[in-house]
Amino acid sequence: MTDASADRPLKVLVYSDDVNTRQQVILALGRRPHPDLPEVEYVEVATEPVVLQNMDRGDIALAILDGEAVPAGGMGIAKQLKDEIYECPPVVVLTGRPQDAWLATWSRAEAAVPHPIDPIQLAESVVGLLRPSVPATS
0 MTDASADRPL KVLVYSDDVN TRQQVILALG RRPHPDLPEV EYVEVATEPV VLQNMDRGDI
60 ALAILDGEAV PAGGMGIAKQ LKDEIYECPP VVVLTGRPQD AWLATWSRAE AAVPHPIDPI
120 QLAESVVGLL RPSVPATS
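Just so we're aligned: 34 in numbering that gives the first Met the number 0 is position 35 of the sequence shown, and the numbers increase by one with no gaps anywhere.
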């Protein structure tokens, strides 16, 4: 018997008020950030209410939130998600600069990646967080 969920794409929410930031994230990760993972389906979001709607649905595997987004920054949203959603999926926060990593810790995000986005650093963070959510295959 095969596990059908292993074939389904992983949904990754990408939040930023800036379409260019969302595109940079998607281009950096691609359709399959690692051969061991299923394909990724991106859910692009530009506003906080839509982030909350998508996260409440329960089918998001990981959220990437822009800490520099306005009016609602990704770090505040990350903290709200972690406080309000039982077994909240992992969150990666994009910080304005490396020195802002402590704010990501406050937000309870599992990882922080600074702007400008380094595709290798982002992929390593995302793959490390998604890997445990994928059933092992033999």
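Even glycine gets a Cβ: it sits at the ideal position worked out from N, Cα and C.
Extent of the continuous alpha helix (DSSP H) run through E83:
Here residue 83 refers to the residue found at position 84 of the sequence shown. Looking at the DSSP string, the run of the alpha helix (DSSP H) that includes E83 is G73 to E83.
CB of L93 within 8 Å of CB of G73, strictly:
Looking up residue 93 in the sequence shown gives position 94. Looking up residue 73 in the sequence shown gives position 74. Against a cut-off of 8 Å, the Cβ pair of G73 and L93 comes out as a contact.
Count the other C-beta atoms from every protein chain shown that fall within 10 angstroms of the C-beta of Q23, then say buried if there are 16 or more, exposed otherwise.
As a working mapping, residue 23 is identified with position 24 in the sequence shown. Flag for Q23 reads buried.
Cβ shell of I84 (< 8 Å), same chain only, five flanking positions each side left out:
Mapped onto the sequence shown, residue 84 falls at position 85. Correct list, in chain order: M54 and D55.
Anticipated Cβ contact below 8 Å, L12 with V44, distance rounded:
For this step, residue 12 is matched to residue 13 along the sequence shown. For this step, residue 44 is matched to residue 45 along the sequence shown. Indeed, because the Cβ distance is near 6 Å, the residues count as touching under 8 Å.
Mind pulling the alpha helix (DSSP H) runs of 4 or more residues that sit fully within the segment 7 to 65?
18 to 28 and 47 to 56
Hey, quick one: how far does the beta strand (DSSP E) through V91 stretch, first residue to last?
Residue mapping note: residue 91 aligns to position 92 of the sequence shown, counting from 1. Going by DSSP, V91 is part of the beta strand (DSSP E) stretching over V90 to T94.
Counterpart residues of V112 in DSSP-defined beta bridges
Numbered from its first residue, the sequence shown carries residue 112 at position 113. Answer is L93, bridged to V112.
For the candidate residues W101, V50, A60 and A100, whose alpha-carbon lies nearest to that of Q79?
Here residue 79 refers to the residue found at position 80 when the sequence shown is read from its first residue. Checking every option, the nearest Cα to that of Q79 belongs to V50.
Take Q98 as the anchor and find which of Q120, H114 and L61 has the nearest alpha-carbon.
Residue numbering aside, residue 98 sits at position 99 when the sequence shown is read from its first letter. Looking at the Cα atoms, H114 is the closest of the given residues.
Same chain only: Cβ atoms within 8 Å of G127, ignoring 5 sequence neighbours per side
Walking along the sequence shown from the start, residue 127 turns up at place 128. Same-chain partners within the cutoff: A110.
In angstroms, rounded to a whole number, what distance separates the CA positions of R31 and L9?
Working through the sequence shown from its first residue, we reach residue 31 at position 32. Working through the sequence shown from its first residue, we reach residue 9 at position 10. Computed Cα separation, rounded: 10 Å.
For V138, is the classification buried or exposed, using 16 other Cβ atoms within 10 angstroms of its Cβ as the cut-off for buried?
Because the chain spans 0 through 137 in this model, residue 138 falls outside it and cannot be assessed.
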